[in-house]
Amino acid sequence: MKKTIGLFLVLGFLMLSCSDSVECEDIVCTKEFRTVSLRFVDANGNPQIVKDFTVINKRTGETMTPLNDMANQGLYIVASDSDKTKLSEKGDNVQVTATNSKTNVKIQADFVLSGGLCACHINKISGPDTIQL
């Protein structure tokens, strides 16, 4: 009897937990992996390295930690498809801050990025491609 009651409780819990699941429309996604990047350059267009590069989703207050393998060439990843579930479908304000490694001047840039649970990819709605130091 106890096993039967336990089984019904578990089944009931599972059924209730499924009612809050997100229903996505039938979508077809490509296999590409998208990123939103930001390039820092000097007055001559040469790549510049910055320090203390951070990305914060202003809606959630969460610090995003993008991979920046190209940082030595002045190219920094703001967000990628791996961040899409951290972003809303309508778009989130994302703030990028960095420090000029030569002058120690703090730099700030604002982006609007969208994603969501049902999104195939992230999307840059607004934000700079390049910042001249």
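Read in order, the letters of the sequence shown are residues 9 to 141 in the working numbering. The C-beta atom is built at its ideal place from N, Cα and C for all residues, glycine as well.
- Near N131, which residues of its chain fall below 6 Å by C-beta distance, leaving aside the five closest residues on each side in sequence? Mapped onto the sequence shown, residue 131 falls at position 123. Contacts found: S122.
- Inter-stretch contact (C-beta, 8 Å, three-pair minimum) for the segment 89-103 and the segment 51-58: no
- Query: To the nearest angstrom, how far is it from the Cα of F119 to the Cα of M72?
  - Reply: Walking along the sequence shown from the start, residue 119 turns up at place 111. Walking along the sequence shown from the start, residue 72 turns up at place 64. Approximately 13 Å, taken between the alpha carbons.
- Message: DSSP has A87 in a bridge; who is on the other side?
- Response: The residue given as residue 87 occupies position 79 in the sequence shown. Paired residues: V44.
- Proximity below 8 Å, CB of Q140 to CB of V63: Taking the sequence shown and counting its residues from 1, one reaches residue 140 at position 132. Taking the sequence shown and counting its residues from 1, one reaches residue 63 at position 55. Result no, Cβ atoms of Q140 and V63 do not sit closer than 8 Å.
- Pick from L46, E31, C37 that is closest to G82, judged by C-alpha positions: Taking the first residue of the sequence shown as 1, we reach residue 82 at position 74. Of L46, E31, C37, the residue nearest in Cα terms is L46.
- Message: What would DSSP say about Q81, mapped onto helix, strand or coil?
- Response: Translated into the one-based positions of the sequence shown, residue 81 becomes position 73. In the structure shown, Q81 sits in a helix (DSSP, three-state: H, G or I).
- Task: Grab the span of the beta strand (DSSP E) containing V102 for me, first residue to last.
- Result: Position 94 of the sequence shown, counted from the first residue, corresponds to residue 102. Taken as a continuous stretch (DSSP letters only), the beta strand (DSSP E) holding V102 covers 100-108.
- Task: Just the C-alpha distance for S134 and E97, rounded to the nearest angstrom, thanks.
- Result: Counted from its first residue, the sequence shown places residue 134 at position 126. Counted from its first residue, the sequence shown places residue 97 at position 89. Approximately 14 Å, taken between the alpha carbons.
- Please state whether DSSP places K39 in a helix, a strand or coil. Residue mapping note: residue 39 aligns to position 31 of the sequence shown, counting from 1. DSSP places K39 in coil when its eight states are reduced to three.
- Task: From the DSSP output, in three-state form, read off K114 for me.
- Result: Stepping through the sequence shown from its first residue, residue 114 is reached at position 106. If DSSP states are grouped into helix, strand and coil, K114 belongs with the strands.
- Message: Considering only DSSP beta bridges, list what Q56 is partnered with.
- Response: In the sequence shown, residue 56 corresponds to position 48, counting from 1. Q56 pairs with nothing; no bridge assigned.
- Just tell me which of D60, I35, G124 has its CA closest to the CA of V113. The residue labelled residue 113 in the question sits at position 105 within the sequence shown. Out of D60, I35, G124, D60 has the C-alpha closest to the C-alpha of V113.
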